[in-house]
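Chains as they are written, first to last, in the working numbering: chain A, 1 to 391; chain B, 1001 to 1295; chain C, 2001 to 2275.
Glycine is no exception: its CB is placed at the ideal position from the N, C-alpha and C atoms.
Scroll down for the structure; my scribbles are underneath it.
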Amino acid sequence: MSPKRFILVCLFVLGVIGLLVVGGQEEVNAAPAPIKLVYMTAGDVNMLALGQNVLGPAFSKKYPGVSLMTVHTGPGDAGSRLIFEKISAEAESKKATWDVDVAMVHQMFMKWAEGKDLLLPYAKELSTWKYVTSPFAKSSLGVSVEGYVMPMFHSQTALAYNPDFVKDPPKNYADLVEWVKQNPRKFGYNGIKGGMSGVAFSVGWVYWKTGKNEKYAVTGPFDKAEAATWEQAFKDLGEFNKNVTITGGNVGTLDALNRGEIWMGPVWVDMFFTFMNEGKLDPKTRMILPEPGMPGQPMYFVIFKKAAHAKEAKRFVEFVTSPETQAKEIVMRFNWYPGIDGSHLKGAIPPETFNKIYKDVTPADLAKKGRPFPLGEYFSAMLESYEKWVK
Amino acid sequence: MGQVAVQAKQVVRREVSLPPYLLLLLPALTFMLLMYGYPFFSSITRSFINSQGQFSFENYQKTVDLYLKDIGFTFVVTVFSTAVSAGLAILLAVYLRLRQSSISRVLGGLYRVPIFIPFVVVAQMMTTFLAPHGLLNLTLAKVGMVDIKNPLQLFNFYGLTFGFVWKMIPFSVLIIHGGFQMIDNSYIEAARSCGAGLMRVITRVLIPMNRPSILVALVLVYSQIVGTFTLPYMLIGGKIPTTITVDIAHRINYFRDFGVANTLGVFSYLLVLATAVYYLKSSVKKVTGSQASER
Amino acid sequence: MSVKRILILTAEIVMLVLVFLIIVGPMMSLFIWSIAHRWYWPNTLPQEVGLEYWKQALGLHTSLAIGAISIVPAFLLSLLIAVVVVIISMLIAIPAGYALAKYRIPFGAFIMFLFLMPNAFPQQPIFVNLLHIFTRWGLAGTIQGVILVHILVGLVFGVWITSATFRSIPSYLEEAAHSVGAGSLYTFFHITLPLAAPGLLASSVFVFITSLDEFTGTFFIGLPFVNTLPMTLYSSSGYNMQFASVIAIILLIPSILFMTLIQKVLKAEYVGGMG
Chain A
1 MSPKRFILVC
11 LFVLGVIGLL
21 VVGGQEEVNA
31 APAPIKLVYM
41 TAGDVNMLAL
51 GQNVLGPAFS
61 KKYPGVSLMT
71 VHTGPGDAGS
81 RLIFEKISAE
91 AESKKATWDV
101 DVAMVHQMFM
111 KWAEGKDLLL
121 PYAKELSTWK
131 YVTSPFAKSS
141 LGVSVEGYVM
151 PMFHSQTALA
161 YNPDFVKDPP
171 KNYADLVEWV
181 KQNPRKFGYN
191 GIKGGMSGVA
201 FSVGWVYWKT
211 GKNEKYAVTG
221 PFDKAEAATW
231 EQAFKDLGEF
241 NKNVTITGGN
251 VGTLDALNRG
261 EIWMGPVWVD
271 MFFTFMNEGK
281 LDPKTRMILP
291 EPGMPGQPMY
301 FVIFKKAAHA
311 KEAKRFVEFV
321 TSPETQAKEI
331 VMRFNWYPGI
341 DGSHLKGAIP
351 PETFNKIYKD
361 VTPADLAKKG
371 RPFPLGEYFS
381 AMLESYEKWV
391 K
Chain B
1001 MGQVAVQAKQ
1011 VVRREVSLPP
1021 YLLLLLPALT
1031 FMLLMYGYPF
1041 FSSITRSFIN
1051 SQGQFSFENY
1061 QKTVDLYLKD
1071 IGFTFVVTVF
1081 STAVSAGLAI
1091 LLAVYLRLRQ
1101 SSISRVLGGL
1111 YRVPIFIPFV
1121 VVAQMMTTFL
1131 APHGLLNLTL
1141 AKVGMVDIKN
1151 PLQLFNFYGL
1161 TFGFVWKMIP
1171 FSVLIIHGGF
1181 QMIDNSYIEA
1191 ARSCGAGLMR
1201 VITRVLIPMN
1211 RPSILVALVL
1221 VYSQIVGTFT
1231 LPYMLIGGKI
1241 PTTITVDIAH
1251 RINYFRDFGV
1261 ANTLGVFSYL
1271 LVLATAVYYL
1281 KSSVKKVTGS
1291 QASER
Chain C
2001 MSVKRILILT
2011 AEIVMLVLVF
2021 LIIVGPMMSL
2031 FIWSIAHRWY
2041 WPNTLPQEVG
2051 LEYWKQALGL
2061 HTSLAIGAIS
2071 IVPAFLLSLL
2081 IAVVVVIISM
2091 LIAIPAGYAL
2101 AKYRIPFGAF
2111 IMFLFLMPNA
2121 FPQQPIFVNL
2131 LHIFTRWGLA
2141 GTIQGVILVH
2151 ILVGLVFGVW
2161 ITSATFRSIP
2171 SYLEEAAHSV
2181 GAGSLYTFFH
2191 ITLPLAAPGL
2201 LASSVFVFIT
2211 SLDEFTGTFF
2221 IGLPFVNTLP
2231 MTLYSSSGYN
2241 MQFASVIAII
2251 LLIPSILFMT
2261 LIQKVLKAEY
2271 VGGMG
């Protein structure tokens, strides 16, 4: 092929592709006849599946003319952060309506959004508001969020362990320290980088050492001087770390459990069950929630202030937080703890499911040992102290 | 005829005058300045702004307090991985250049495979492959080279280097070998006929003539390694020390602290600046050098 | 055969086996996970295998673990974007590379470095800023925006590698052509370009792969409307090994195809040009 020919072919291909691209873009940008509700979700990839394959079709059946477009932004706080960046950019650009209608985010998001006038106070308008009475629906890491959020589901961290090797699991943090000395390298967590399960464990450690979880997580106020009192606690954690394996993240810990490299480690209960259902965790693995407790957090639905389809967004949230959907999809299909109060689901959940989910971590355990994460500034202070004192 | 001769002379002398290269360079240059200029400067300025919004060196102070070890670690891993990659790549490229056998043809196709695998996939592969109970350790245990109760611990500097080298060698070989292919056989034969042995041919003919490609490979590999996030994140994650990229993600995701994140970025940028300057200095010398030697 | 030849042959075979193991070894994990249904300690191999995850990935079965609808369209979109990116990038990179190689440009070193910067500076902080700019320009969430980002990160491979390639071509060859009366353009297409072919090939392959695999920028700029394959990969990465492995294998194919295709075309060009 002569060079001239080659260039002509290239330009031709370019032209065709250009047309396709522009044409395709027209399709994407053209307003579709049915209403497309844009739903961005952080969290793990099964959120995407839940939205696309379960909630979307069911919602469209109930409200024909509305379709749900689910977009996944990634696991962990990074996923929530991306949603926040996107929405801040839209707010800054002063667009009339925003691309995203409704999102499901972690608690951290609420802290970032505080005072920025990005969200719609929609929750009290929903018929399902009366089902939500937990303090999590009113306050998130110390930020008052009442009316702006509806919890979709609740997740809790606990220690997962292999009962073949851990005959008598430690019932509290102090016993855990002893156990780790007897079984070096057999406990694994990810420090504070790369996953919230490790962060939860570290926070639980601070709660244990200081005993001040009420002050740090519920009442406040933030007192900078408190951070200085944690020096010894974190130095002890550094000592503790000498006998443990540091994993890559939430999944790193679960993978290490899967491969038998560690026998115990902090995990999110919902990830625990999902991994087990997907054949990546030995069915005999158990969990225990050590004293004085470990943090848990809900994931929240938020609706944005300038959402293009606020009405449909509210209907969607109402739909997902209804007792039927909560029982059928959240609890039974995924084995997660519901976002609304469990008492409203009684009777809707068969006993086998109930026994499976609450086998190791009972509702009583949750009530007593399921703690909130610390208030925003204490949280940041703890993370930085870890970096400072744990070498 | 005279017209053409005059034009030819002008082409030769054009090294010093203005217009032609400007037109050639303009599209690419404008694109970069437009797309990258503002975000980049915005990042640098943010590193000098503290949480109250004032100009300060606070971020730099905090970064040095908390992350100096990680910066050092990143530097060592990057330099080491780059050196290993480049060294092995040169050897492989030389082999492929000098030897034409069926085995070398197979190798020629085989080595390219990692190029097509995105870093995020490499990260996962390495995590399952290098784990204490991962494929490598299990296989070695089966042939008795490793005791499974005390497996090779590779979620550290060594595993990270292995991952980087695995991904970067094919990239380097492709560039360096491409450069070797442009060296005509006559040079090699000429050297051989003067009595040069294999080592001499490599060190005196092949490598010097291919310096531009080798240096490009070095700098590109180096900067790619510095900027990689997924591999250290999955392999090392929360361990101490870790790489700059993991720390940046941590600062942004948990604190929304763009001040320190951008400061860390500036450090990483300085790391690359050092090598790039070295490359550009030696390549500029090369241009003038080769022109002189070709006269 | 002489002893020397036998030794060389053995060394070659050993090297081949070693390279094979090193390259294929880690990939084995990938292949095994893509067909694993259940796999946990203490089994070296999965307890249960099958093609279920492949079927879910390709949309043949509905999935509870992943939004399977995304994968095939995401794949095609990634491909489309990559081709456009390569064409545009090479069109502006080749002249730039040539200029930087053949002429002494003021601030030439700085300009070269400019192209390196998107790779040198960690991407996350930069892309957040870019998101704000693109939103203002109405480019966020569009394919055009994503294409621009891909060109941004791929251009360094275009410019640096072509520049080194052109620099390696001794200038006396071009001067010789000029001295017998060839015009600049003719020289470029019939002498320089064919000689530079291997380097240019390498350059375009890297731009293609960079675009196909580009994730961070696409993630920030493309959401919520543009969904490429690496984003689907990231969604499941680490979390769902089976899907991640399937998607990774799917991602391999176009890159390899592109490389063989370009090689065939350019080889013909190379041979033709020299004739």
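- In terms of beta-carbon proximity, G2025 (chain C) lines the interface with chain B, with at least one pair separated by less than 8 Å.
- Going by DSSP, K36 (chain A) is part of the beta strand (DSSP E) stretching over I35 to A42.
- Taking each of B:I1176, B:R1256 and B:L1136 in turn and checking the Cα distance to G2025 (chain C), the smallest one comes out for B:L1136.
- Around the beta-carbon of G2154 (chain C), 16 or more other beta-carbon atoms lie within 10 Å, marking it buried.
- Residue state for L126 (chain A) is assigned as coil, using DSSP reduced to three classes.
- Listed along chain A, the residues sitting closer than 9 Å to M1234 (chain B) by beta-carbon distance are G194, G248, G249, V251 and G252.
- The closest CA to that of T362 (chain A), considering only A:L118, A:L141 and A:A158, is found on A:A158.
- When rounded, the separation of the alpha-carbon atoms in Y358 (chain A) and L1088 (chain B) is 55 Å.
- In the three-state reduction of the DSSP assignment, G147 (chain A) falls in the coil class.
- V2084 (chain C) has a beta carbon lying at 8 Å or more from every beta carbon in chain B.
- Taking 8 Å as the upper bound for CB-CB distance, P374 (chain A) and V251 (chain A) are not in contact here, some 24 Å apart.
- A Cβ of chain B is located within less than 8 Å of the beta carbon of N190 (chain A).
- For P1151 (chain B), no CB of chain C lies under 8 Å from its own CB, so it is not counted at the interface with that chain.
- In the assembly as shown, N1185 (chain B) is an exposed residue. Its beta-carbon has fewer than 16 other beta-carbons within 10 Å.
- Look at T1127 (chain B): its C-beta is under 8 Å from a C-beta on chain A.
- Among the bridge pairs identified by DSSP, E291 (chain A) is matched with A:N172.
- Cβ neighbours of I2169 (chain C) within its own chain (closer than 7 Å, five residues either side excluded): T2192, L2195 and A2196.
- Neighbours of K1239 (chain B) across chain A, judged by C-beta separation under 8 Å: G191 and I246.
- Secondary structure of V302 (chain A) (DSSP, three-state): strand.
- In the assembly as shown, M1145 (chain B) is an exposed residue. Its beta-carbon has fewer than 16 other beta-carbons within 10 Å.
- For A2074 (chain C), no chain B residue has a Cβ inside 9 Å of its Cβ, as the nearest lies near 14 Å away.
- With its beta carbon at least 8 Å from every one in chain A, R1211 (chain B) lies outside the interface.
- At a cut-off of 8 Å between beta-carbon atoms, W2160 (chain C) makes contact with chain B.
- V2019 (chain C) has a beta carbon lying within less than 8 Å of a beta carbon in chain B.
- A distance below 8 Å between beta-carbons, with the five flanking residues on each side excluded, links A2074 (chain C) to the following residues of its chain, in chain order: N2227, T2228, L2229, M2231 and T2232.
- Under the Cβ distance rule, G1265 (chain B) counts among the residues neighbouring chain C, one pair being separated by less than 8 Å.
- The C-beta of Q2056 (chain C) has 16 or more other C-beta atoms within 10 Å across all chains shown, which makes the residue buried.
- Under the Cβ criterion of 8 Å, V180 (chain A) is not counted among the residues facing chain C.
- Residue B:L1264 holds the alpha-carbon nearest to the alpha-carbon of P2122 (chain C) among B:L1264, B:V1106 and B:P1170.
- Listed in chain order, the alpha helix (DSSP H) runs fully inside the stretch 2133 to 2168 of chain C are 2143 to 2167, counting runs of at least 4 residues.
- Closest in C-alpha terms to S2204 (chain C), from the list C:M2090, C:T2010, C:Q2047 and C:E2012, comes C:M2090.
- Using a Cβ-Cβ cut-off of 8 Å, F2113 (chain C) counts as an interface residue toward chain B, since at least one Cβ of chain B sits closer than that to its own.
- H1133 (chain B) has a beta carbon lying within less than 8 Å of a beta carbon in chain C.
- Beta-bridge pairing by DSSP links P266 (chain A) to A:L159.
- About 19 Å separates the beta carbons of V2072 (chain C) and S2211 (chain C), which is beyond the 8 Å limit, so they are not a contact pair.
- Residue nearest to N172 (chain A) within the set A:D99, A:G347, A:G376 and A:E291 is A:E291 (criterion: CA-CA distance).
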